[in-house]
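Sequence order for the protein chains is B and U.
Residue numbers for the first sequence, in the numbering used here: 2 to 115.
Residue numbers for the second sequence, in the numbering used here: 99 to 208.
By construction, the Cβ of each residue, glycine as well, lies at the ideal position given by its N, Cα and C atoms.
Predicted model only: the values in this text are computed from it and were never measured.
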Amino acid sequence: DAGVIQSPRHEVTEMGQEVTLRCKPISGHNSLFWYRQTMMRGLELLIYFNNNVPIDDSGMPEDRFSAKMPNASFSTLKIQPSEPRDSAVYFCASSASGTGDEQYFGPGTRLTVT
Amino acid sequence: DAKTTQPNSMESNEEEPVHLPCNHSTISGTDYIHWYRQLPSQGPEYVIHGLTSNVNNRMASLAIAEDRKSSTLILHRATLRDAAVYYCILRNFGNEKLTFGTGTRLTIIP
Chain B
2 DAGVIQSPRH EVTEMGQEVT LRCKPISGHN SLFWYRQTMM RGLELLIYFN NNVPIDDSGM
62 PEDRFSAKMP NASFSTLKIQ PSEPRDSAVY FCASSASGTG DEQYFGPGTR LTVT
Chain U
99 DAKTTQPNSM ESNEEEPVHL PCNHSTISGT DYIHWYRQLP SQGPEYVIHG LTSNVNNRMA
159 SLAIAEDRKS STLILHRATL RDAAVYYCIL RNFGNEKLTF GTGTRLTIIP
């Protein structure tokens, strides 16, 4: 299995631009998680889906952030408009069931907003 | 979520065992103890988890105190590749969320 796939691996954009991060979970996994990691705040859960349905988005910082999971094999995290404070590494993770199985993390997308 | 407390950093010599402690005095009866680690420039990876009994897998062992208020992750023979940040996380049964703390940064000395 290729593991969790994220694209792009690196993204540099200017303030005010729209940014879309993509994630392909491990085939057969039915839970998907988006995390953000910064030096100041550490690793934070933004949102997670179960069977393509958003279950908890309490970690989404503000309305500029949105996430979708149109099908079991694809999810996006969009930031519009982006700001310099959004600069971070964004990780996607997936797990096999809804009962707390281990999460498998992707390699992350390093976002820099100038 | 119940809170965990870990040392900020630890050092160990290569090829020696490493004991990484974690305190979780407010753990509830349905909280599982999970350990993840994050190697440099990578996403976190699962290491091990347990509820009450000690657990072993190919990566590590997890020793859980009888009162469950503390646990220890044991790496039996550290290699340079084990240098990482190790996170001890409590996760309630049925709750999928992981709440990461600051973890312990483990340095392996050649």
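Residue pairing of PHE75/B in beta bridges, as defined by DSSP: ASN72/B.
Between PHE34/B and GLU143/U, the C-beta gap is not smaller than 8 angstroms, which leaves the two residues out of contact. Using a Cβ-Cβ cut-off of 8 angstroms, THR202/U does not count as an interface residue toward chain B, since no Cβ of chain B sits closer than that to its own. Within the segment 26 to 63 of chain B, complete beta strand (DSSP E) segments of at least 3 residues are found at 32 to 39, 43 to 51 and 54 to 57, given in chain order. Assignment of PRO119/U by DSSP, reduced to helix, strand and coil, places it in the strand class. In this chain, the beta strand (DSSP E) harbouring ALA182/U covers 182 to 190. Against chain U, the beta carbon of ASP58/B has no neighbour under 8 angstroms; the closest one sits roughly 12 angstroms away.
Scanning chain B for C-beta atoms nearer than 8 angstroms to the C-beta of GLN104/U yields nothing, as the closest lies near 12 angstroms away.
Residues are counted here when their Cβ sits less than 9 angstroms from a Cβ of chain B; for the segment 116 to 142 of chain U these are TYR130, HIS132, TYR134, GLN136, SER139, GLN140, GLY141 and PRO142, given in chain order.
By the CB criterion at 8 angstroms, ARG135/U and ALA182/U fall inside the cutoff.
PHE92/B counts as buried, since at least 16 other C-beta atoms from the protein chains shown sit within 10 angstroms of its C-beta. In this structure, DSSP gives ARG86/B a helical state, which the three-state scheme calls helix. At a cut-off of 8 angstroms between C-beta atoms, LEU44/B counts as an interface residue with respect to chain U. Residues of the segment 78 to 99 of chain B that bring their beta carbon within less than 8 angstroms of a beta carbon in chain U comprise PHE92, ALA94, SER96 and GLY99, in sequence order. Distance from the CA atom of GLN18/B to the CA atom of ASN155/U, rounded to whole angstroms, is 46 angstroms.
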